[in-house]
Amino acid sequence: MTDEEIMEQLRTIVSIGDPKKKYTRYEKIGQGVSGTIFTATDVALGQEVAVKKINLQKQPKKELIINEILVMKELNNLNIVKFLDSYLVGDELFVVTEYLAGGSLTDVVTETGMDAAQIAAVCRECSQALEFLHANQVIHRDIRSDNVPLGMEGSVKLTDFGFCAQITPE
871 MTDEEIMEQL RTIVSIGDPK KKYTRYEKIG QGVSGTIFTA TDVALGQEVA VKKINLQKQP
931 KKELIINEIL VMKELNNLNI VKFLDSYLVG DELFVVTEYL AGGSLTDVVT ETGMDAAQIA
991 AVCRECSQAL EFLHANQVIH RDIRSDNVPL GMEGSVKLTD FGFCAQITPE
């Protein structure tokens, strides 16, 4: 696909509007391979969300971003970060998801540590997420502790579907 075809396809799957009007109080919380991650507040709901801002000009494989959005939109599971919305503003793509305030598994392991029961619980929840993905013919291909955000109430989820692949019969 050409860059123009990719941008055209993106325009068909994102919401129309300016995410900076729907979400306020942007605070940078991380930098990923494909973009910058912020927390923000949904103006209408008062709900804290995560916003991944992606500069499309800096993305060598833009088609992966389309796949990421489509997979997150289509697959809903307790162990997968919930997709909320996406916007295209110029060459910047904003992907909005639920926010898990417990940080990434990497942060928890390096800053506080985990006991055997906690490790087992995280492994179980990650396995359930993978089982769900595989049952839906999706392979994540980027499983690592940075892509496992944790909720303050103990939830464990899988995120970052930028490298995922959909299995087809061919």
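Numbering (my numbering) for the sequence shown: 871 to 1040.
A virtual CB, placed ideally from N, CA and C, is assigned to each residue, including glycine.
Scanning the stretch 893-969 for uninterrupted alpha helix (DSSP H) segments of 4 residues or longer gives 932-944, listed from N- to C-terminal end. It is roughly 10 Å from the alpha-carbon of Thr872 to the alpha-carbon of Lys931. Contact between the stretch 992-1011 and the stretch 873-893 is absent: fewer than three C-beta pairs spanning the two stretches fall below 8 Å.
Between Tyr969 and Thr1029, the C-beta gap is not smaller than 8 Å, which leaves the two residues out of contact. The Cβ atoms of Asn949 and Gln988 lie no closer than 8 Å to each other. Between Ser974 and Ser1025, the C-beta gap is not smaller than 8 Å, which leaves the two residues out of contact.
One Cα belongs to Thr967, the other to Ala986, and the distance between them is close to 30 Å. Apart from sequence neighbours up to five positions away, the residues of its chain that approach Thr976 with a beta-carbon distance below 6 Å are Ser1015 and Asp1016, ordered along the chain.
Between Phe953 and Lys923, the CB-CB gap reaches or exceeds 8 Å. Here DSSP, grouped into helix, strand and coil, assigns Ile1013 to coil. Only residues of its own chain outside the window of five on either side were considered, and among them Asp955 and Tyr957 have a CB closer than 6 Å to the CB of Ser885, listed in chain order.
Within a 10 Å sphere around the beta-carbon of Gln917 sit fewer than 16 other beta-carbons, which makes this residue exposed.
Contact between Phe1031 and Val903 does not hold, since the beta-carbon distance rounds to 13 Å and is not under 8 Å. Pairing Tyr893 with Val913 gives a Cβ-Cβ distance under 8 Å. Straight across, the Cα-Cα distance linking Leu915 with Asn937 is about 28 Å.
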